[in-house]
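Have a look at the structure below, then the notes.
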Amino acid sequence: MRARLYREHKYVSAILNQLERLIGQADFNCKDDLERIRAEYQEVHMMLLAHAKHENENFHALLEKKGSKVHLHAHLDHDEMSQTLVHLQNLLDEMMLDVDQQEAGYHFYLEYRKFVGDNLLHLHEEETKILPELQRLYSDDELRKIEFPIYEQMTPAQLIHMVSALFPHMNLYDKDAFLADIQHAQPVKFAQIWEQADQFLNQDEQIRFLHNHPELQAVKKR
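Here you go:
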């Protein structure tokens, strides 16, 4: 199997859908519900901006180096997404002051749900058009190394936090790829996080991972 980027899209999609359900179930006359939506929306907002920035600066930049233009539509999507996120934030702020908060809340829900749908199409385009182009232009080793500088900057605790958030939304093959890349990029840090593997892998997953990577059998867990 070729090196596959965009595995974190499973997490992105799940988080957006969780917020959609929260908004759909909310009582917009309840201050606690509104504050929870505001807080979770702001986290989603920041996550999406960081995610788009990473793709622009790493994936799209690699395509530009080879003269490819397959990413241009997705790049524009990122710009439009930033504007839509501001629009949604403005709607949320206005809703807090609206006399008819139920009606304003329903309007916000519709706008957010459309954004989620548009984002799903965007994720699909990235994985069906941009990923194959990256795989055509670059080797697996080159693609895997894209994330290596990030792993270098992160502490073991941050790496554990990252995989603990991502892994509930991924299958074993995704988890294996993430951990193998971390082990290859930062073997010392990997040994530290593997000591706490119970936090992000169940026992069966740990056994299967070690079966796939027998060189790690000597790395002990706490």
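For the sequence shown, the numbering used here assigns the number 1052 to the initial residue and increments by one for each residue that follows.
C-beta: ideal position from N, C-alpha, C; glycine also.
Everything numeric in this text was worked out from a predicted model, so none of it was measured.
Annotation: Val1137 to Ile1066 spans about 18 Å, alpha carbon to alpha carbon. Contact check for Asn1068 against Val1167 passes: the beta carbons are separated by less than 8 Å.
Per DSSP, Asn1263 is one residue of the alpha helix (DSSP H) stretching across 1254-1263.
The continuous stretches of alpha helix (DSSP H) do not include Lys1180, and DSSP gives it neither H nor E.
Per DSSP, reduced to three states, the secondary structure at Asn1109 is helical. Taking the C-beta atoms as reference points, Gln1237 is found nearer than 8 Å to Tyr1202. Closest by C-alpha distance to Arg1259, out of Ser1190, Lys1226, Lys1240, is Lys1226.
Relative to Asp1144, the option among Glu1256, Glu1106, Phe1159 whose CA is nearest is Phe1159. Each of Asp1192, Ile1088, Leu1261 was checked against the Cα of Asp1232, and the nearest Cα belongs to Asp1192. Note that the C-beta distance between His1111 and His1126 is below 8 Å.
Taking all protein chains in view, the Cβ of Tyr1092 is crowded by 16 or more other Cβ atoms within 10 Å, so the residue is classified as buried.
Annotated three-state conformation of Asn1141 is helix, per DSSP.
His1096 and Leu1188 have their C-alpha atoms spaced approximately 32 Å apart.
If you look at Tyr1224, you'll find it in the alpha helix (DSSP H) that goes 1223-1236. Asn1080 and Gln1257 have their alpha carbons spaced roughly 47 Å apart.
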